[in-house]
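The numbers in this note's numbering rise by one with no breaks, and the one at position 56 of the sequence shown is 92. Here's the structure, in structure tokens; my notes come after.
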Amino acid sequence: MTFLKYFIGITAAFFISVGHTEIQPDNPFPRVKLVTSMGDITVELNRDAAPLTVKNFFRYVKKAQYNDTIFHRLVPDFVIQGGGYDEDFQDKPSYEKVVNESGNGLKNEYGTVAMARERGPHSATRQFFFNLNDNSSLDPDDGDWGYTVFGRIVDGLDVLEAMAELESQAYSDDIGWADVPVDPPILKRIEVVPQN
37 MTFLKYFIGI TAAFFISVGH TEIQPDNPFP RVKLVTSMGD ITVELNRDAA PLTVKNFFRY
97 VKKAQYNDTI FHRLVPDFVI QGGGYDEDFQ DKPSYEKVVN ESGNGLKNEY GTVAMARERG
157 PHSATRQFFF NLNDNSSLDP DDGDWGYTVF GRIVDGLDVL EAMAELESQA YSDDIGWADV
217 PVDPPILKRI EVVPQN
């Protein structure tokens, strides 16, 4: 077998395996259940509006990369954010950054889930947040990038509301984090809800 044939065979096998690893690829609105220390939250993702973001999110889900992470940021009447740190506040590893899809028509409304990012528009990796209010300031405006909404809670809003009532504080002067829950909720795991 020549090197070229070997290379083509390996490449084809790679792309075939990647295609088969997609979670519920024919389902435009797959659902996931976030099993947390405060109860379960079921989210319906929107693959139609945010295909790259949903694919990125599922990449972490499939590898169990969200297991035993914390919700490390809670700003009352604004957001609760998680997915990036373990219980010792250590960074979890990230894949490459995902393209910002904030112009997809989905708004940062109460009960939606969106990607957290740094100042740069295309800097989101693994962290996400739930909107605790209608946060229009996080939507794209006048050519400015927003924060990509990629799903909505369909069950467990009571859990979100309980999280929103938690007390938060500054974590430490060294890190400089504000709005850290005194007792951070733990995201034990994320389960893919079977397709009907």
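Cβ atoms here follow ideal geometry from the backbone N, Cα and C, with glycine treated the same way.
Cβ shell of Ser130 (< 7 Å), same chain only, five flanking positions each side left out: Here residue 130 corresponds to residue number 94 of the sequence shown, with the count starting at 1. Result list for Ser130: Thr161, Arg162, in chain order.
Quick check: Asn63 and Gln231, are their CB atoms within less than 8 Å of each other? Numbered from its first residue, the sequence shown carries residue 63 at position 27. Numbered from its first residue, the sequence shown carries residue 231 at position 195. Their beta carbons are under 8 Å apart, which means Asn63 touches Gln231 by this criterion.
Alpha carbon to alpha carbon, how far is Asn144 from Val229? Within the sequence shown, residue 144 is the residue found at index 108, counting from 1. Within the sequence shown, residue 229 is the residue found at index 193, counting from 1. About 24 Å.
Cβ-based neighbour list, Asp113, same chain, cut-off 7 Å, excluding 5 preceding and 5 following: The residue given as residue 113 occupies position 77 in the sequence shown. Excluding residues within five positions, the ones whose Cβ falls inside 7 Å are Leu168, Asn169.
Check the DSSP bridge columns for Phe93 and list the partner residues they point to. Residue 93 sits at position 57 when you count from the first residue of the sequence shown. DSSP links Phe93 through a beta bridge to no other residue.
In this structure, how does DSSP classify Asp194 when only helix, strand and coil are distinguished? Residue numbering aside, residue 194 sits at position 158 when the sequence shown is read from its first letter. Helix, per DSSP.
So, using beta-carbon positions, are Glu137 and Leu88 closer together than 8 Å? Residue numbering aside, residue 137 sits at position 101 when the sequence shown is read from its first letter. Residue numbering aside, residue 88 sits at position 52 when the sequence shown is read from its first letter. Contact flag set, yes.
C-alpha distance - Gly179 paired with Asn92, whole-angstrom precision: Looking up residue 179 in the sequence shown gives position 143. Looking up residue 92 in the sequence shown gives position 56. Pairing Gly179 with Asn92, the inter-Cα distance amounts to about 24 Å.
Where does Gln231 sit, in a helix, a strand or coil, going by DSSP? Here residue 231 refers to the residue found at position 195 when the sequence shown is read from its first residue. Coil at Gln231, not helix or strand.
In terms of alpha-carbon separation, which member of Arg95, Ser73, Ala150 lies closest to Ile59? As a working mapping, residue 59 is identified with position 23 in the sequence shown. Of Arg95, Ser73, Ala150, the residue nearest in Cα terms is Arg95.
Report yes or no: do the region 70-80 and the region 212-226 share at least 3 C-beta pairs separated by less than 8 Å? Taking 8 Å as the limit for Cβ pairs, the verdict is that the region 212-226 does touch the region 70-80.
Buried or exposed for Gln205, going by 16 or more other Cβ atoms inside 10 Å? Stepping through the sequence shown from its first residue, residue 205 is reached at position 169. Classification of Gln205: exposed, given that the 10 Å Cβ count is below 16.
The region 189-205 contacting the region 97-114, beta-carbon criterion three pairs below 8 Å: Proximity of the region 189-205 to the region 97-114 meets the contact definition, three or more beta-carbon pairs being nearer than 8 Å.
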